[in-house]
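When we follow the numbering used here, the leftmost residue of the sequence shown carries the number 23, and every step to the right adds one.
Taking it in order: structure first as structure tokens, then the write-up.
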Amino acid sequence: MDLIHFDQGYSEKRWVGYFDLLGMKDLVRTKHHLSVFTTYSIAMEQVKQRQAVSSFAELDHISRWFLYFLIESHIPARGAISFGEFYADKKNSLYFGKALIEAYEYGESQDWIGFVLCPSAETKLNKMGFFTGRMLTYAHTNIPYNKRRDELKGNLPACILGCWARIAGKNPSLERLH
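This is how it looks when you write it as structure tokens:
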């Protein structure tokens, strides 16, 4: 058995996105695997065609479009973007770190459809001069949590669902949710 060795080069501060695809269990139980795969692969292909250049801008862009195309496919999701230490060894499919834990905790705890910027992401963006209070695609709001979470910050920048993807003055994301 070959042991996997720790490589410090894989560990650095990174932007991390986490999404919980709601209803995945029922989707897999009721649909053929090919149907599930096709739904997600179409959403991912649409996202890949719209990738941006810088790391946060890219993750933000991908996350907003991914959520948009999931909702268009009637798949609700919630998630979070964080910034911090993260070990990413693609070759061995090994991923862990504080940034992933923070994104997971905030992503899983939300009681709505959408995604937020974790405190670490908000802090990093503000230090870079990208003040979250001035971003057009996010609004600070009190996040509804699915259970009492005193350790989680309540007021965070949340993605304004679909406001940036209006077609003929309509918001198709919000219309799909009704």
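Ideal placement from N, C-alpha and C gives every residue a C-beta, glycine not left out.
Buried or exposed: where does I165 fall if 16 or more other Cβ atoms within 10 Å of its Cβ makes it buried?
Residue mapping note: residue 165 aligns to position 143 of the sequence shown, counting from 1. By the 16-neighbour rule on beta-carbons within 10 angstroms, I165 is buried.
C-beta atoms of A79 and S104 nearer than 8 Å:
Within the sequence shown, the letter at position 57 stands for residue 79. Within the sequence shown, the letter at position 82 stands for residue 104. Taking 8 Å as the Cβ cut-off, A79 and S104 do not qualify as a contacting pair.
Note down, in chain order, each residue of its chain lying with its Cβ closer than 6 Å to the Cβ of K175, except the 5 sequence neighbours on either side.
Position 153 of the sequence shown, counted from the start, is the residue given in the question as residue 175. Closer than 6 Å at the Cβ level, and outside the excluded window around K175, lie P141.
Report yes if the C-beta distance between D24 and D111 is below 8 Å; otherwise report no.
The residue labelled residue 24 in the question sits at position 2 within the sequence shown. The residue labelled residue 111 in the question sits at position 89 within the sequence shown. No. Outside cutoff.
Three or more C-beta pairs below 8 Å linking the segment 106 to 121 and the segment 35 to 48:
yes
Give the straight-line distance between the Cα atoms of A102 and I84, rounded to the nearest whole angstrom.
What you label residue 102 is simply residue 80 of the sequence shown in a count that begins at 1. What you label residue 84 is simply residue 62 of the sequence shown in a count that begins at 1. Taking the straight line from one Cα to the other gives about 12 Å.
Whole-angstrom distance between A99 and R171, CA atom to CA atom:
Mapped onto the sequence shown, residue 171 falls at position 149. Mapped onto the sequence shown, residue 99 falls at position 77. Computed Cα separation, rounded: 20 Å.
Please classify A74 as buried or exposed, where buried requires at least 16 neighbouring CB atoms within 10 angstroms.
Position 52 of the sequence shown, counted from the start, is the residue given in the question as residue 74. No answer about A74 holds up, because its pLDDT of 37 lies below 50 and its placement is not dependable.
Where are the beta strand (DSSP E) runs, 3 residues long or more, that stay fully inside the segment 61 to 116, in chain order?
Along the length of the segment 61 to 116, whole beta strand (DSSP E) runs at least 3 residues long occupy 99 to 111, reported in chain order.
In whole angstroms, what is the alpha-carbon distance linking G151 and H54?
In the sequence shown, the residue the question calls residue 151 occupies position 129. In the sequence shown, the residue the question calls residue 54 occupies position 32. As the crow flies, the alpha-carbon of G151 is around 47 Å from that of H54.
According to DSSP, simplified to helix, strand and coil, what is D42?
As a working mapping, residue 42 is identified with position 20 in the sequence shown. Looking at D42 - three-state DSSP - the assignment turns out to be strand.
Is the distance from the Cβ of A65 to the Cβ of F88 below 8 Å?
Position 43 of the sequence shown, counted from the first residue, corresponds to residue 65. Position 66 of the sequence shown, counted from the first residue, corresponds to residue 88. Against a cut-off of 8 Å, the Cβ pair of F88 and A65 comes out as a contact.
So, helix, strand or coil for L178, using DSSP?
The residue you call residue 178 lines up with position 156 of the sequence shown. If DSSP states are grouped into helix, strand and coil, L178 belongs with the strands.
Helix, strand or coil for L147, going by three-state DSSP, please let me know.
As a working mapping, residue 147 is identified with position 125 in the sequence shown. In the structure shown, L147 sits in a helix (DSSP, three-state: H, G or I).
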